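Numbering follows the working numbering, with no gaps: position 68 of the sequence shown is 69.
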Amino acid sequence: MTGEDGNLVSIIIPAYNAEKTLERCVKSVQTQTYRNLEIVVVDDGSSDSTKEVATALSNQDGRVVVVHQANLGLSGARNTGIERARGELLFFLDADDLIDPDEISSLVTVMTLTDADLVIGGITDADEEGRSLSTVKIPPQVIDEEGFWESYENGTKSEDHTEYVVAWGKLFRRKLFNIERFDVGKIHEDEFIIHRLVARSNIIAFADVVGYRYVKTDGSISRSPSSKSILDKAEGLLLRSAYFVNRRWWRFALTAASEARGALSNALELEPSVANSERFATLNHQWKSEIKDILRNATGNAAQKALCALFAVSPKAYIVLKGGR
2 MTGEDGNLVS
12 IIIPAYNAEK
22 TLERCVKSVQ
32 TQTYRNLEIV
42 VVDDGSSDST
52 KEVATALSNQ
62 DGRVVVVHQA
72 NLGLSGARNT
82 GIERARGELL
92 FFLDADDLID
102 PDEISSLVTV
112 MTLTDADLVI
122 GGITDADEEG
132 RSLSTVKIPP
142 QVIDEEGFWE
152 SYENGTKSED
162 HTEYVVAWGK
172 LFRRKLFNIE
182 RFDVGKIHED
192 EFIIHRLVAR
202 SNIIAFADVV
212 GYRYVKTDGS
222 ISRSPSSKSI
232 LDKAEGLLLR
242 SAYFVNRRWW
252 RFALTAASEA
262 RGALSNALEL
272 EPSVANSERF
282 ATLNHQWKSE
292 IKDILRNATG
302 NAAQKALCAL
312 FAVSPKAYIV
322 LKGGR
């Protein structure tokens, strides 16, 4: 598919101090076989030459639209991109990543054939030169909201369920964002919004494609965690768990609460003094409140339930058991 007559796809690229990678990223979009594209670059208050690089790219290609703003973080930049985008279909691409030439065409084809609101592609982990290191993808299938979380529980998984949770590498119908926006000021922002977007999707499709190249760098959040980023992740997972509790999806709630437990534990191991912070106390209290109902109602997975019960009684004992401090 060349996409000459297809729906306009807006590729939203948040860019913060991305002078070294932005041109390569945009060029990977410009070489797409799907041609009906606009490329929205949001310069999020960069202090390097990102602004000049983006402007030069726009001058060379009328499809490249550049927005400059004060620094709002990744969520704020994505939200600006959503507001500026004209396309009926949205695709998020980080400024240090790349996409293969058939990525958008493949996702649009699946969306057209299945009438999906959300199409999820696989991921190619790449080195800083863009060379493939490994791939992960979910077997092709067409499902609903509950089926998505069933697949999350049982399907092919990368670390932290990346292919399910992240906003990038997915094709969204714009209507999913009619009232949704990314949570500004949060790290691991995708953990906060994914269950809300999935809930608004009548049909979800997994595509047999691994054309999103996630370029691993030494400075990434996953490699350089902070207690702030880890607690943000815990907060997002707790909101997801609470949503599942409201739906009475107890097994999914147990998984989300168990992942939140892991994040809270990781924050304590990284920075033991965080135990005295007001934020940790608030999140831990919220977790304990949720886990009571979950343990009472969830069936199966005795090991996870036992670990949650231990953490509720003594986080220190839990950390010792798992081999931490």
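Backbone N, C-alpha and C fix where the C-beta goes; we use that ideal spot for every residue, glycine too.
Since the model is a prediction, treat every value here as computed from it, not as a measurement.
Residue 226 has no beta-bridge partner at all, per DSSP.
Distance from the CA of residue 62 to the CA of residue 71, rounded to the nearest whole angstrom, comes to 24 Å. Membership of residue 319 in the alpha helix (DSSP H) is indicated by the continuous run 316–322.
For the pair residue 28 and residue 128, the CB atoms are not nearer than the 8 Å cut-off. For residue 32, the CB contacts under 7 Å within the same chain, skipping 5 residues up- and downstream, are 102 in chain order. One alpha carbon belongs to residue 17, the other to residue 26, and they sit about 13 Å apart. The continuous beta strand (DSSP E) containing residue 126 extends over residues 124–127. Rounded to whole angstroms, the gap between the alpha carbons of residue 276 and residue 269 is 6 Å.
The C-beta of residue 189 has 16 or more other C-beta atoms within 10 Å across all chains shown, which makes the residue buried. Cβ contact annotation for residue 244 (same chain, cutoff 6 Å, sequence separation greater than five): 196, in chain order. For residue 137, DSSP records a beta bridge to 124. Counting along the chain, the unbroken alpha helix (DSSP H) around residue 260 starts and ends at 251–271.
In the pairwise beta carbon analysis, the region 137–146 is classified as not touching the region 81–90: fewer than three pairs are separated by under 8 Å. The beta carbon of residue 153 is closer than 7 Å to those of 162 and 165 in its chain, skipping five residues each way along the sequence. Rounded to whole angstroms, the gap between the alpha carbons of residue 14 and residue 42 is 5 Å. Here residue 98 is near residue 214, since their CB atoms are less than 8 Å apart. With fewer than 16 other Cβ atoms from the protein chains shown falling within 10 Å of its own Cβ, residue 282 counts as exposed. Looking at 202, 284, 272 and 273, the one whose alpha-carbon comes closest to that of residue 242 is 284.
Pairing residue 310 with residue 280, the inter-Cα distance amounts to about 21 Å. The residue from 169, 94, 171 and 199 with its alpha-carbon nearest to that of residue 181 is 199.
In this structure, residue 304 lies away from residue 264, with their beta-carbon atoms at least 8 Å apart.
Within the region 3–56, the runs of alpha helix (DSSP H) that reach at least 4 residues and sit entirely inside it are, in chain order, 23–31.
Look at the beta carbons and you see the region 107–119 not touching the region 75–82: under three pairs across the two are nearer than 8 Å. When Cβ pairs closer than 8 Å are counted between the two stretches, the region 117–135 is seen to touch the region 203–213, the count reaching three or more. In the structure shown, residue 189 adopts coil according to DSSP, grouped into three states. Counting of Cβ neighbours within 10 angstroms places residue 95 among the buried residues, the total reaching 16 or more.
If you look at residue 69, you'll find it in the beta strand (DSSP E) that goes 65–70. In this structure, residue 172 lies near residue 92, with their beta-carbon atoms less than 8 Å apart. Residue pairing by DSSP places residue 171 opposite 121 in a beta bridge. Among the bridge pairs identified by DSSP, residue 243 is matched with none.
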